[in-house]
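Here is the structure we will look at, set down as structure tokens.
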Amino acid sequence: MSSEWPLWEVFVRGQHGLSHRHVGSLHAPDAEMAINNARDVYTRRNEGVSIWVVKAGDITASSPGDKGPLFEPSNSKVYRHPTFFDIPEEVGPM
């Protein structure tokens, strides 16, 4: 059994943002300690409004080499592209 604490990936939502962004990683024994440590390390200037921590081992990611086969099916669905819709003139530029 390893005595090393698990690695946690840290995501912070900034004061003026709507999405969380990855800011770094840290080791902690549990989620509560990871949140507290993330607060101390990554939001020292009171710039965050929300913190997410995720065990690094629980993240599954696609490979950049799979980009073609993974995203290709969406190209055949033109109704998902904003150019498919007419925007009324009263809406103005978007």
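In this text, residue positions in the sequence shown follow our numbering: the first is 2, and each later residue adds one. Here a beta-carbon is modelled for each residue, glycine too, at the ideal position from N, C-alpha and C. Values in this document were obtained by computation on a predicted structure and should not be read as measured data.
Whole angstroms is fine: what's the gap from residue i's alpha carbon to residue j's?
i	j	result
Trp6	Ser20	28 Å
Val54	Arg46	19 Å
Ala39	Lys56	13 Å
Gly18	Ser26	20 Å
Asn37	Thr61	24 Å
Where does residue i sit, in a helix, a strand or coil, going by DSSP?
i	result
Asn8	Note on identity: in this sequence residue 8 is Leu, with Asn being the wrong assignment. DSSP places Leu8 in strand when its eight states are reduced to three.
Arg46	coil
Lys68	helix
Ile60	coil
Ile52	strand
Who are the near neighbours of residue i in its chain, counting only those whose CB is closer than 8 Å to its CB and skipping five residues on each side?
i	result
Thr44	Val13, Ile52
Asp48	A small correction: the amino acid at residue 48 is Glu; Asp does not occupy that position in the sequence shown. Contacts found: Val13, Gly15, Gln16.
Which term fits residue i, buried or exposed, when burial requires 16 or more other beta carbons within 10 angstroms of its beta carbon?
i	result
Leu71	exposed
Glu10	buried
Ala35	buried
Return the chain-ordered list of same chain residues with a C-beta closer than 6 Å to the C-beta of residue i, the five sequence neighbours on each side being excluded.
i	result
Val50	Arg14, Gln16
His23	Phe12
Looking at the ligand FAD, does it come within less than 7 Å of residue i, judged from the CB to the closest heavy atom?
i	result
Phe12	The ligand FAD is absent from the structure shown, which contains no ligand whatsoever.
Can you tell which of the options has the C-alpha that lies nearest to the C-alpha of residue i?
i	options	result
Leu30	Gly18, Ser4, Glu90	In the sequence as presented, Leu is not what sits at residue 30; that position holds Pro. Ranking Gly18, Ser4, Glu90 by Cα distance to Pro30 puts Ser4 first.
Leu8	Pro94, Glu33, Ser64, Gly58	Gly58
Keeping to the same chain, check which residues put their C-beta closer than 7 Å to that of residue i; ignore five residues upstream and five downstream.
i	result
Ala32	Val54
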